[in-house]
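Numbering (my numbering), first residue to last: 11 to 136. First up is the structure itself, then whatever we jot down about it.
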Amino acid sequence: MSKHIKRGDVYYAELSPVVGSEQGGLRPVLIIQNDIGNRYSPTVIVAAITTRIQKPKMPTHIAFEPQGKIDYPSVILLEQIRTIDKTRLKDLVAELSDDKMDEVNHALSISIGLESPSFSRKVKVK
């Protein structure tokens, strides 16, 4: 079965086995990889989502309300990003809005060091 995976989609994925503090088990993940990679690569870049935190605690956390098949308030953990094989993806459960993805992009830029969490300025790489 071929899935049409898009950036901003939320799928359930099996993330185990894990090591240390990595998020594991069957859990929702947000697709953050670009759509060209989503179409042609056998892998996909995702961010883990949790329902165990009720509000964001870090600048890399983005909250969202129940939607689609996600029944609880959740937090996207943009410090918990990883590449997984597409066979780990199970059911599509939600699609995030463009506005929510703008928040994700900002948090992701903080997570990977393109932007400072205390300022809204870009870090220039020379």
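C-beta atoms are modelled at their ideal positions from N, C-alpha and C, and glycine is treated no differently. Here the structure is a predicted model, which is why all the values come from computation and not from measurement.
For residue i, the first and last residue of its enclosing alpha helix (DSSP H)
{"i": "S84", "result": "Taken as a continuous stretch (DSSP letters only), S84 belongs to no alpha helix (DSSP H), being part of the beta strand (DSSP E) at S84 to D95."}
{"i": "V103", "result": "Careful: V103 lies outside any alpha helix (DSSP H), inside the beta strand (DSSP E) at L99 to E105."}
{"i": "S121", "result": "D108 to S121"}
Within 7 Å, strictly: CB atoms of residue i and residue j
{"i": "P83", "j": "E75", "result": "yes"}
{"i": "S119", "j": "T70", "result": "no"}
{"i": "I91", "j": "A57", "result": "yes"}
{"i": "E24", "j": "R98", "result": "yes"}
{"i": "Y22", "j": "D101", "result": "yes"}
{"i": "L36", "j": "V20", "result": "no"}
{"i": "I86", "j": "N48", "result": "no"}
{"i": "E105", "j": "G18", "result": "yes"}
{"i": "K79", "j": "V114", "result": "no"}
{"i": "T93", "j": "T60", "result": "no"}
Three-state class that DSSP yields for residue i in the structure shown
{"i": "K79", "result": "coil"}
{"i": "V133", "result": "At V133, the pLDDT of 49 sits below 50, so the modelled position is not reliable and the matter cannot be decided from this model."}
{"i": "H71", "result": "strand"}
{"i": "E32", "result": "coil"}
{"i": "I15", "result": "coil"}
{"i": "R62", "result": "coil"}
{"i": "I46", "result": "helix"}
{"i": "P27", "result": "coil"}
{"i": "A40", "result": "According to the sequence shown, residue 40 is Leu rather than Ala. It is a strand residue."}
Proximity to residue i [Cα-Cα], best of the options
{"i": "I46", "options": "K79, D101 and I55", "result": "I55"}
{"i": "D108", "options": "G34, I42, T53 and G30", "result": "I42"}
{"i": "K13", "options": "I72, G123, S51 and R62", "result": "S51"}
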